[in-house]
Structure formats: structure tokens, C-alpha cells
Amino acid sequence: MKNKINKTLYLLSTPLVYWQGIVHYQKKQWAKAEPYFKRAVVAQPDHAYSNFKLGMCFFKRRIWEQAYQYISTAVSLKPEVLSWHVQLRQSEAHLRRQSRFVLTQTASLEGFNKSTLSAAEIEEQVLMKQLERNVDNPEFYAQLAQLHGKHNKLWQALDFWKEALTRQQTNADWFYQSGAIYEKLQHYIPAAEAYNRAIALMPKGKVPADWYYRLGFVYEQQGHDNQPDFQKASQAYEEAIAADKKLQAKKFGIGVFHAARRYWKEAIAAYEKTSQISPSAELFYRLGFIYDRNYQWPQAEERYQTALALDNRPEWRFRLGLAQEKQEKFAEAAASYQKAAQERKQYTPYWFYRAAYSLEKSGSYQEAAQWYLRIRKDSTLVSTQKVSDVQSSHNAIFALEVRHRYDMSEAGSWYELGTHYENLQDWPKAQDAYSQAVARSNSLNSLWYYRLGFVLMQQGLFAQACASFRNYRAMQRPHGTSEEILSTDANYAEAAIYSEYYSVLNVIDKTIVYESFAGQSMSCSPYALFLYMFNHPDYQDWTHIWVINDPAKIPEEYKCYKNVIFVARGSDVYLRYLATAKVLLNNSNFPPCFIRKPEQKYLSAWHGTPFKTLGRDMEGRFFEHKNLTRNIFQATHLLSPNPHTSHVLYKRHDIHEIYTGKLIEAGYPRIDLTLVQTSEEKAYLRERLGLTDQEKLIFYAPTWRGTHDNIDFDYEKLQQDFDRLGRLKGAKLVFRGHALLQAALADMDLNVTVAPDDLDTNRILGVTDILITDYSSTLFDYLPVLKPLVLYMYDIEEYTAERGLYFSAGELPGHKCYNSNELIQTLQDILDQGVPSVTAEEHQLSRFAPYDDGHVSERVMNAILYDDYQGIKVINDVPKDKQSLLIYGGPFMGNGITTATINLIANIDRSKYTVTLVIDPGSIINDETRMTQFEKLPQDINVIARVGRMDMTLEDRYIHGLMNQRYELDSPAAKKILKDSWKQEYDRVFGQAKFDALIHFEGYNRFWAGVFTSVNDGRKTSIYMHSSMKEEYQLKFPYLKAMFGYGAQANKYISVSKSTMQRNQSNLAQPFNIPLEKFDYTDNLQQPEQTRILAAEPLLPEDEQYFQGTGKVFITIGRLSMEKDHAKLINSFAQIAADYPDSRLLIVGDGALRHALSQQIAELKLENQVHLLGLRSNPFPLLKKADCFVLSSNHEGQPMTLFEAMILEKMIIATDIVGSRGVLENRSGYLVENSVAGLAQGLADFLAGKLTLTTYDIEEYQQQAINRFYHLIN
């Protein structure tokens, strides 16, 4: 009753305009909802929900300051709504990235970890803060359980459910949710208990049918802890069927519940059983559909045919066609599709498309074309043309062709021309016009492809017509899934559509794509190469595709050419050309979805000799170069103008010794534009820039400051400089800056000429008498001109500190000026001397421009097109006598696997092996602990940071969804799709980089396991196991079933000790069909000297307190997770604490169990003796100072901390488990029974002086371990 009253009061107090906003908000129309919520806030400022919804409208559009403002107000009005705290914390986290913003309202957020940015971690922090204030509130435990369950942290979710249900045992839904977690872990006995408790708590007749079904399911299945109980399962299923009101279970049986969960295997078994008892047409159709969705196409076809024999429904026949088409039975598929399309009352264009597609695939091109025509109700032109009489068409054609004499660039004019030619039945000219239209259309205009197909048909060109009709859709191949995501997720759509085009479109000879600065202009080296190709008589039949985002920036002089096409980056036609162009040229990067086809040539031509640091040398920019590195791996040719640039590209972009393309050190084509200019062109350029015959041109071209999105320039100083420079006698100042800077200057009254956007910088350099620049690569382009260069570096110290430079001022040619007075005086001196020429030696041409002679474009194109490298230095540093290793080491969490990864990489012999590490940068950059670990890596390795998302088609996405749900696939067809998609991802990330062995060292990440094991070309793949994986699988990570599948595909499945290998082999080989010979082992490597150096560092001041007094100090180091069982250790210590009150236990590490362990310590009243120290970037001073290291784990692979304790000659007590036994036996330390009593006895024996320290030879161990590693990878 109270809740109803509160709800009524809430409704009455809500401004009416709020509800208008809600209509748009629920449709995710954030911008449209915003003004309504604003009006609601104005009308009632203290209405919390209006403030929150308004804040979320900004949040969804990433306008963080306003989002924070309104959500903060909402939280202050209703602090009890915890979900709002989460959104507030997220807004704050994003704002903290924007350094200019200063938070003014942070009182509610104090004490939170500011480096944690994910929504889940923010929500967890909010809930944990609430829990600390009210430790017995079951609601907070339940919310934490739900949060962890949502993010698949199953064992953590169970811990919180146990706490919640201990405190409140009357909530049926909580028992049900805890049962669902047990079920995911395949712990079916407690799952059944939880489901039974949930059902018992519900009123009779109110139990959801799904609850009974879930109970029956866990009784029926074989789990980790049970045997199936089919009788109880049957009883529960009967209850589920009786309670069902949605799924028609009474008609079709329990299979409907399995099908609703996409549990296809179980659904098939249930439906097959039901079909034996009460067969029906719809049941057979449903059975066919389940086989269909499980990619068992022959079985699907058979069941569909059985269903259709009993009841002829067009929808069923369409699915039959799909099953046949997926088996490449194209003639049968076409017949099924045709019959379905004709018989369905509702006109369904896609069904006609599939019929035509199948006919085309069967080779029946004429019939296919006829069926393609039917994808539109009306195939005639009448409804699309503006005029229909012949004379009007002649007049329109005349006008359009006149227009095309000066502008052919607009797709719409070509389409209009095509319609008039089609109206006149001039089919060849209509074909040409429509072809030109689709070649230029940024969007996928289906009608245009349709009309092209139509006019091709009229000429009897049926195969070509089919090809055009097929392009009516982006997604051409059969997939059987919804296409809705293509319209709701633009990033996915780009990757998916490109992947489709990559697969279905062929490379077109004599086509070339040019892209400069992501489509900003026709400029730089791509422009120079275009001019060479465009003007050369041998290439007049080539088609040139320019990527230009803004049509206003297309030079008028090139609009009138039929073979020059302009497209926008990211458009549909852009993706088509990426998949079909024979040659691709880019001075930056193609998007992350791009994969070069084997028959394509790709030149990556970086835009300038680097003065500013690039790649790994860029401070504070964590792998900002990742897509450039990825593009280089795709490129057949990498262009460099000089040895310095070659060094930076090779050594600082993580391609050293693995890039298999050709780095051609050839000069820069764009400098041809500077050096080769006719007198007429020079006169034209001077006229455009407003120079008189007597004036000298001073060109001021500084680099940008700030970021690519935010230019940070001292405008006041710039204006003062312009005023003084403009007063120089006998010279004219022309300025060119970053596009954003020039836009900002546009509204200012300045005494300067800004260079027109359509004039390329290098063309201006050709008529420049004096260049002023600073840290821009323009200075190197200007050197071959042999005219005065002035470097105006007034902020060199600040810029060097912020951005980093490769050269000091003294290393570079030119005059150096550090303030405006020096600049003016230098320029005046040069002008007074008549602008004297500069020698090649003074400009260091042999160092910075050794190849730039005005003919670089010709040599570069000869290299790309003909493999003619005359006059070019070709560099390929892939050594023939070294093996190349690719390693995935995980997200660099503060754990033993990370330590082992770092140690392994540090120990690999670089004279025999090239080492490359691949990372997911997003999993590292926002976590200080992970960044600290990552920075411990040796600096002499390549690190490839993955960028972008997988190029997954709709079908790929569906199959990955199935795999992520059950961690296995049933059909060979589905498995092939999965493996092929992983291989495509390998190609997308690594291109043709050279790797001989792929090592999944972390051993848990399914993504990289799939990618690595998809490679079947002789390269060796291995996956590591750092623990006894059966326990990891059964207790924590059900997804490891997928890892075991990938392990069966790898060449080696490697454990980190012999005893762990034997255990894994025994537990995994038979259940998961992993051949015995694939199991092997190699011990983890250590860094003894580095450990000793780190241990010698002083303790942190706050840690000194733990070592005061005479009592012994025990220490353990490791993440706070269930397998480490710190709770057992604390209970053991409690048994001896009273007898040794001065003794202490230090627990170094962090994790999900911190809160529970804190509670345990408090309950045992051990706050003065047991201390949770959290994570430490260097725990070794603590370990060295402590008296005894203790390891309480229940299972481990090869505990790294035991080795570190032995290196520091510490006494060790460890539970007697396989991993610890493998480390300590015949070496050092003491093994005790894995129990509270066993550990307590070990601690007591040490305190009583009964244990003696022994040491071992770590160097011998190291040599054996590294030799075995080499043996395995070779």
C-alpha cells in the first residue's frame, strides 16, 4: 500500500513535459528528448528524475560536463538511488580525462579509485561504499551479486549471493538468481537446491514456468558434482509445461524452453522425442529451424521437407531454400525460394533476391536476371524519371553533357543522364551513365544498381546484369539472421559491410585509390603520385579514386575527367574501393577494418620526415600509433625519404624484423611538386598568393600545438608576430597552419595572407624565398630548394618536454631564432643580402634529402607496379637466421602470470629470436597497476596493440554468439565459420608480419586462443596452462571449455611444471579430446638479479611499522581470490596468534575477496596482527624484511612467489598441492597439509625454531628452463 501511495505521489509531482521527453528517451532519441527535460527542470528544479534524465541525454551524447551537472543534482536530491551514483561516477571519470575541467562537486565521491573508469567497476565501488556503512544489509550483497553475475564473474557473484541469502532467506527471486549462477558453473546440486527454495517460496500457481524448466534442466544434465536424475527432471518439466502460457509447451513439449534459450542440442533431442509421440507439421518445421540455427543443414533440409509435405507454408519453404543454399544446392534452393516468393501473399523483395542469387550461382544468368527484376514491384523507369517524352530527354541529355564538360564529379547528374538514355532505349550509353553514377555514389543507392542491371539485360549481358543486381544489397550472401544491428551500430556496420565486400567483390585492374590526411584534401605524396599517373601517357586508361570528404575541396580542374572519381571516407563506395582497387596509396592510415587482398598493392607513405617524436617515442600517448603499425603490416611497400625516417618507422613502430613488405628509401614524391615547376606555374602561384614581381615570399608554416582535436596556440603572440613580420620591406608574408588554427584565425583581422586551401604546401615551397617553420617536417621538404630556412623555436624547451623531438636545434640546418627580435633581425639580414642561395652541404641534403631530385614519383610507381627498384634503396630487415615469436601475455594484472610473462621475455636470447608481444591496450591503459606492470617489460621488443573490432559479418556474429553462450559448437559448418573469422582477424591485425611461433602464454583469453589457433600454415601455436585447469574450470571459469577446444587445435598445450602437466593431462585429455602428445611442460623463468635489486630498495615509510618489535613476520603475496584461500591462512594464524602476540601476518595483494577478508580479520579480532596491504608495484623489500613466506593456495600451476622467496633466501611454508610440490621438492621450503590445521602446525613449527633454511642453485634452474622453452617452440 505504501509503495502505491509513493508511486501516486511521484506521478502527481512530475511535470507533464517530462513525459513528452520520456517518449523520445525510450526511443533513444537523446537530442529530441533534451529540450523537454530542460523545460521540466525549469518548471520544477527539485524534480530528481527530470534532472537525471536530462543528465543522461547529455551522457549518451558524451557531453560530460552537462551530464555531470544534472546527474549530480539528481543524486543530491535522491541519494538513495544507487544506479544514479554509477552514472555520476562515470561522468566524473570521463571529465577527469579532460584536464581543463575542474570538479566542483565531489563530496559524494571521495575515497573512490579515480583510475577506475569502467561502469562495472564504478558501480562496484559505489555498492562497496554503501556496504561498509551497513554491513548487514542484504540488498547491497544482492546488488553486488547481480553486478558480478552480469559481468560473468561467477564465483564472486556466488560469494555475494551466499552473504545475501544468509541475511534474508525469504526472497524467492534471489534464490532463483543464485541457482542460475550455480547452473552456469555446472554445479547442479546446489543449483537444484536454490531453484527448489525459490519455487517453495512462491505462492502456488504463481511460479514462473521457466523456474520449473531450469530445475528440470539441472536435474537432467551431467555436471561437475552430480549424476543426472531423469525422474526428477521429468517431474519438473511436467510442471514447466503445465505452467507455460507463452511458448506453446503443451503442444510441442519441453523443447520450446530449450529453444528459447538457444540450447539447440537439447531442443533437437526434445523435439525429436516429441515428434515420435505426436508428430505435426509445425513441430517438424520447428525441428528444422533448430537444426538450421545449429548449422546442421542436411538435417534442417530434411525436417523442413517433412513439414512441407504435411502443410505448405511459404515461410517454411523459404527456410528450406536457405538450408539448401547453405549446402550450395543452388538449383534446389532457387526452386524453393521461387515457390515461396510466389505463394506468399505479402510481397517480400528479399525472397526474390535469394531466388535470383541462387539462380546466378547455378549459372542460369538469364533466368536469374529475370528474378532479380522482381525485387522491385515495378521494373519500369516511368516512376523514377522527371520527363518521359523523347524530345525532353534529348534536351536534358544535351544540358547534362554540357555540364559534364566541366563537372563530372556528381553522381546524381550521371544517374539522371542514365534515365534519359534509358528512356530513349540507348542501352550502351545508359549503361555507361549508370556505371558512372554508382561508381561515384557515396551511399548504397539500390535503385541505381537496379537500373544498371536492367539496361544490361536489354543488351543480353545477363551475367553482368546479375552482378549489378546483386549489388542491390550490401549483405549479399545468405545468413538467416536479423539485419537490424546494421542500422543501430554504425561501427559494427562499417566492419560487417567491408567484410562482405571483401568476400564478394573482385579486385579491378587499373584502379588506384589515393587518400591523404584521412580525406581532407588532394595533397602530399598521394597527390604527387596521382599527377604522375594521371599525366603519364601509359596510364590514360587507369581509373583514379580520390578520397575527399568535403566536395567543396575538390579542385575544379579535376572535376571534368571521367576517370577521376571522388568519394568520402567511410562511405559505402569507399568500402567497395578498399576491397576492389588494384593499388592503394595513403599518407596516413586506412580504417581498422581494412585488410589488403593478396592481389592488391598498398603503399604506406607517412607524411613527413619526423622531427617530432613518433610511435613508441611519443610520451604520454599509449600506442597512439597502433593503427599505423597495423596499416604497415598490410602494406606491400613502406615509403621513406631518408635513413632517419627509415629508422623511426622500423625501430619505433614495432615492425622491427617482422615487416615482410619492402621499405623503399626513395625520397618523397611530394617534393617533386616543389622541385619541378614550370615558369608558368610559378607565375600562377605567385599571383594566387598576391605577390608583386619585386616581392620576396616569406612562407610561415609552423606545426600545430595541442592535440588533433584541440589546437593550443598563443594567439596573442601570433598576432604580434604577424604585425612585425608584415612590416618587413620588400617581402610578403604568407601563412599556413593547422586547419583548426586557420579556422580560428579566419575571423581575426590579421596583417597576413593565409594560403588558400587548394594550394598544396609543397607547390608553395617551390616559389618560397624564405621559409619560417619550427618543428614541422616541412623544413625537410624545403631543404632541396637551397634557399634560406629559418627555424623559429621560441618555445623549444616547453615543446620538447611536452611532445618530444628527435634533434636538437644545433643538429639541424638553417638559422635558429628563439624570440621575435632575433626572427625579425635574421629575416631582415637575409633580405638585405638579396636572399642568397644555400649549398647542399649547408642544408645537409645527403642526410635528409638524398633522393629528392624531382623524379621520385616515377621511381616509386615503377617499384609498386613493376617491382623495378632502380635508384631506390630497398630495406628488408627480416633476418633469415632468427626465429620470430609472437606472444600474448594477458592484460598485465598484478599476478604471477604477468611476472612470468615479463621474466620469459627478459630471458629470451635476442640474437636467436625476435620477440613481439601483442596486447589489448584498452585493458591496460586505464589501470595504474597494469600500466606499472607493463612498464617493467624490456624495451627491445615489438609490441603490437590491437586496434578496431573484428570484421564480422552477420553470420560470423551469430556464430560467435553461440560460442560465447555454450563455449562449444556442434556442427562442422559452424566450426568452420568460427575458425575462418578468427583467421580473418589474424590477417586484419598482423597482415603479412613474420612469425614462426604463436605463444598464448597467458592461457585464459579465448579471443587470442581463437586467433592463434586459426593459423594452419606450418607456424607452431602453443597455449600455456598456469594452474591445474580442471579446478579453474569447475570452480571459476566455465568458459575454459572453449580454451580446451582451442588447446586441442594448438600444436602444444604447455603446463608450467612437470607435475602440473601430468595433472592437466590426466584431467583434460579424455574429456576434451586433446591428444596426449600435445601436453608438454616448461618451467617458468625468473629474473634473480632483478629480484635482488628490487629487494634492496628501502621499505616505504608506512611499512616500517610492521617490522617494529621482536615478533616474527609472516608474509604472503598474491591476488585475493578463492584459489589462494587467504581465509584459510588467516584462520590458521588465528590459532597461533594468542601464543605469539608479537607475530604478524602481512597479506600483499588485492582482489574481489578484500572485503570478505577484512570482515574475517575483524571478527577474529586480529586487526593488530593481520594486515591487508593491497597491491605493491615492488613487494620485494617487504618479502626480504619478512621472516617467512607462506603460500596457502588450493591449486596453482607453478607459483612464481615461491621462486622469488627462494631467490631472497626466505623460509617457506606452503600447502602440499601439485604446483607447490613441483617447485619446492628437492629445493627449499616446507610442504604442509592443505588445511587450517596443517598451516597452523607449519607456522607453529617455524615460530618454535623447528624449521631450517636450505637454498638451491637458481642459475642451473634458469638454464634448464630456457633450454626447454627453446626446444618446445622449435
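FYI, in UniProt numbering the residues of the sequence shown are 1 to 1274.
Just so you know, even glycine gets a beta-carbon here, dropped at the ideal spot from N, CA and C.
8 Å CB neighbourhood of residue i in its chain, flanking five on each side removed
{"i": "Gln1087", "result": "Ile902, Asn903, Ala906, Asn907"}
{"i": "Arg62", "result": "His94"}
{"i": "Glu183", "result": "Ala191, Arg214, Phe217, Val218"}
{"i": "Asp1080", "result": "Lys1052, Tyr1053, Ile1054, Ser1055, Met1061, Leu1272"}
Local Cβ density within 10 Å of residue i, reported as buried at 16 or more and exposed below that
{"i": "Ser42", "result": "The amino acid occupying residue 42 in the given sequence is Val; Ser does not appear at that position. Per the 10 Å Cβ criterion, exposed."}
{"i": "Val387", "result": "Summary for Val387: the model assigns pLDDT 47, below 50, so the residue's position carries little reliability; its value from the coordinates is reported in the next sentence. Result: exposed."}
{"i": "Ala430", "result": "buried"}
{"i": "Ser808", "result": "exposed"}
{"i": "Ser13", "result": "exposed"}
{"i": "Gly1249", "result": "exposed"}
{"i": "Ser1177", "result": "exposed"}
{"i": "Ala1265", "result": "buried"}
{"i": "Ala180", "result": "buried"}
{"i": "Pro669", "result": "buried"}
{"i": "Gln338", "result": "buried"}
{"i": "Leu1100", "result": "exposed"}
{"i": "Ser1132", "result": "buried"}
{"i": "Asp951", "result": "buried"}
{"i": "Ile1093", "result": "exposed"}
{"i": "Pro836", "result": "exposed"}
{"i": "His536", "result": "exposed"}
{"i": "Tyr866", "result": "exposed"}
{"i": "Arg440", "result": "buried"}
{"i": "Asp292", "result": "buried"}
Presumed contact (8 Å Cβ cut-off) between residue i and residue j, rounded CB distance
{"i": "Asp927", "j": "Gly667", "result": "With 8 Å as the limit, Asp927 and Gly667 do not qualify as a contact, their Cβ atoms being about 44 Å apart."}
{"i": "Thr1082", "j": "Arg1268", "result": "4 Å"}
{"i": "residue 1278", "j": "Glu483", "result": "Outside the displayed range of the chain (1 to 1274) lies residue 1278, so it cannot be described from this structure."}
{"i": "Leu575", "j": "Ile512", "result": "17 Å between Cβ atoms; not a contact."}
{"i": "Ser777", "j": "Pro610", "result": "7 Å"}
Contact check, residue i vs residue j, beta carbons under 9 Å
{"i": "Tyr1053", "j": "Phe1012", "result": "no"}
{"i": "Ala1042", "j": "Met1122", "result": "no"}
{"i": "Tyr558", "j": "Trp546", "result": "yes"}
{"i": "Leu831", "j": "Leu728", "result": "yes"}
{"i": "Leu322", "j": "Pro478", "result": "yes"}
{"i": "Gly1222", "j": "Val1190", "result": "no"}
{"i": "Leu649", "j": "Val874", "result": "no"}
7 Å Cβ shell around residue i - same chain, five flanking residues per side excluded
{"i": "Ile864", "result": "Val583, Lys601, Leu603, His637"}
{"i": "Ala333", "result": "Gly321, Gln324, Glu325, Ser358"}
{"i": "Gly726", "result": "Leu733, Asn751, Val752"}
{"i": "Leu1068", "result": "Met1029, Lys1030, Phe1044, Ile1074"}
{"i": "Leu456", "result": "Gln431, Gln464, Ala465, Ser468"}
Bridge partner(s) assigned by DSSP for residue i
{"i": "Phe454", "result": "Phe454 pairs with nothing; no bridge assigned."}
{"i": "Cys1188", "result": "Phe1114, Met1211"}
{"i": "Gly1174", "result": "Val1148, Gly1149"}
{"i": "Phe699", "result": "Val734, Leu771"}
{"i": "Asp1080", "result": "Ile1054"}
{"i": "Glu515", "result": "Asn586"}
{"i": "Ser923", "result": "Ser923 is not bridged to any residue."}
{"i": "Phe566", "result": "Trp546"}
Cut-off 6 Å between Cβ atoms - residues of its own chain near residue i, not counting five sequence neighbours on either side
{"i": "Ser523", "result": "Ser516, Asp760"}
{"i": "Gly854", "result": "Asp672, Leu675, Val676"}
{"i": "Gly871", "result": "Arg859"}
{"i": "Arg197", "result": "Phe175"}
{"i": "Pro228", "result": "Glu220, Gln222"}
{"i": "Ala209", "result": "Ala240, Ala243, Asp244"}
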